[in-house]
Amino acid sequence: MRSVDRNRYNMPFGGITVVLGGDFRQILPVINCGSRGDVVSTCITNSPLWLNSQIMVLFRNMRLNQGQNAEEVDSLKSFAEWVLQIGNGQVVPPQDELLLYEEDDIVIPRAFCDPEIKNSVENMIQWTYPEFLLN
Numbered sequence: 024m025r026s027v028d029r030n031r032y033n034m035p036f037g038g039i040t041v042v043l044g045g046d047f048r049q050i051l052p053v054i055n056c057g058s059r060g061d062v063v064s065t066c067i068t069n070s071p072l073w074l075n076s077q078i079m080v081l082f083r084n085m086r087l088n089q090g091q092n093a094e095e096v097d098s099l100k101s102f103a104e105w106v107l108q109i110g111n112g113q114v115v116p117p118q119d120e121l122l123l124y125e126e127d128d129i130v131i132p133r134a135f136c137d138p139e140i141k142n143s144v145e146n147m148i149q150w151t152y153p154e155f156l157l158n
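If you want it as structure tokens, here you go:
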């Protein structure tokens, strides 16, 4: 980085502004055979670089704007709230099913599942990305 600005060689990224994006609660690093603690300790929020970061937050969920009618918007809002609950560690298996799951298991509510997909990877990709093959 000294070739960019010799006065900034001791700064992260040589003093260059770097923009990172994403929801760190949803997009975690993959640690082969790692425990939950291994994954958390590998996150960028535990990096020395994090101390030099400026955090900017989006307050409007743009995905909710994609609903075509009130029912679809409500469904998207419900899903977004559920994803936030997962990130906050607030999702637990239903009380009547506690013995069926491990402590860290996340049970997907039936309302968010499409039984027509029939667990085929190809069908799930087609349902999720209907124009995938066109690109």
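77 is the number that my numbering gives to position 54 of the sequence shown; each next residue is one higher, with no gaps. Even for Gly, the Cβ is constructed at its ideal location relative to N, Cα and C. These numbers were taken from a predicted model, which means no experiment stands behind them.
- Could you check where the alpha helix (DSSP H) with ARG29 kicks off and where it finishes? That residue, ARG29, is in no alpha helix (DSSP H); it is neither H nor E in DSSP.
- Query: For MET24, does the three-state DSSP call read helix, strand or coil?
  - Reply: Low local confidence applies: a pLDDT of 49 at MET24 is under 50, so the model's placement there is unreliable, and no value is given.
- Query: Given MET24, which residues of its chain have a CB within under 6 angstroms of its CB, disregarding the five upstream and five downstream residues?
  - Reply: A caution first: MET24 carries a pLDDT of 49, below 50, which makes its placement in the model unreliable, though a value can still be read off. Same-chain partners within the cutoff: TYR32, GLY37.
- Task: Could you work out which residue in TRP150, SER70, ILE39 is closest to PRO52 when comparing CA atoms only?
- Result: Its Cα nearest to that of PRO52, the residue SER70 stands out among TRP150, SER70, ILE39.
- Message: Let's see if you can read the secondary structure: which residues bound the alpha helix (DSSP H) around ALA93?
- Response: 93–110
- Query: Among residues of its own chain, excluding the 5 on either side of PRO35, which ones have a beta-carbon nearer than 7 angstroms to its beta-carbon?
  - Reply: Closer than 7 angstroms at the Cβ level, and outside the excluded window around PRO35, lie LEU72, ASN75.
- Message: Could you tell me the alpha carbon to alpha carbon distance between GLU145 and ASP28, rounded to whole angstroms?
- Response: 50 angstroms
- Query: Skipping 5 residues on each side, what residues in its chain have a beta carbon closer than 6 angstroms to that of PRO116?
  - Reply: If the five residues before and after PRO116 are omitted, its C-beta is found closer than 6 angstroms to the C-beta atoms of TYR124, VAL130, all from its own chain and listed in chain order.
- For PHE155, name the three-state secondary structure that DSSP assigns. helix
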